[in-house]
């Protein structure tokens, strides 16, 4: 019997969209997009985060100015309830995906034990 693992993956993708965790994330992201200040701060946060990640991947040092900018944006994030709700929802979806990943990779882990 041949198993089409991609059909299973597509089914999982559809089921993920129907979870409470994903629907909360979707609602939280919509709330950020609808709030001008939250959207601006979140966009700034993502840009700073991407810049720092790129530098780290290239082995470049982060300047004091960039570190200060990251700290400033981090403070803005923590003071914005709409964004903190989004980050919490992201954390919950991330945990669910980590749990699923553990289940999916179980056969591979068992091979190496």
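Numbering (my numbering), first residue to last: 86 to 198. Backbone N, C-alpha and C fix where the C-beta goes; we use that ideal spot for every residue, glycine too.
8 Å Cβ cutoff met for residue 122 and residue 158: no
Rounded Cβ spacing between residue 133 and residue 155 (contact assumed at less than 8 Å): 5 Å
Taking the alpha helix (DSSP H) that residue 91 belongs to, which residues open and close that run? 90-102
Assuming the contact rule is C-beta atoms closer than 8 Å, residue 110 and residue 175 should be a hit. Round their C-beta distance to whole Å, please. 6 Å
Considering Cα atoms alone, identify which of 152, 163, 181 is closest to residue 103. 181
Three-way DSSP call (helix, strand, coil) for residue 145 in this model: coil
C-alpha distance - residue 160 paired with residue 177, whole-angstrom precision: 22 Å
Can you list, in chain order, the residues of its chain whose CB lies under 8 Å from that of residue 170, leaving out five sequence neighbours each side? 113, 116
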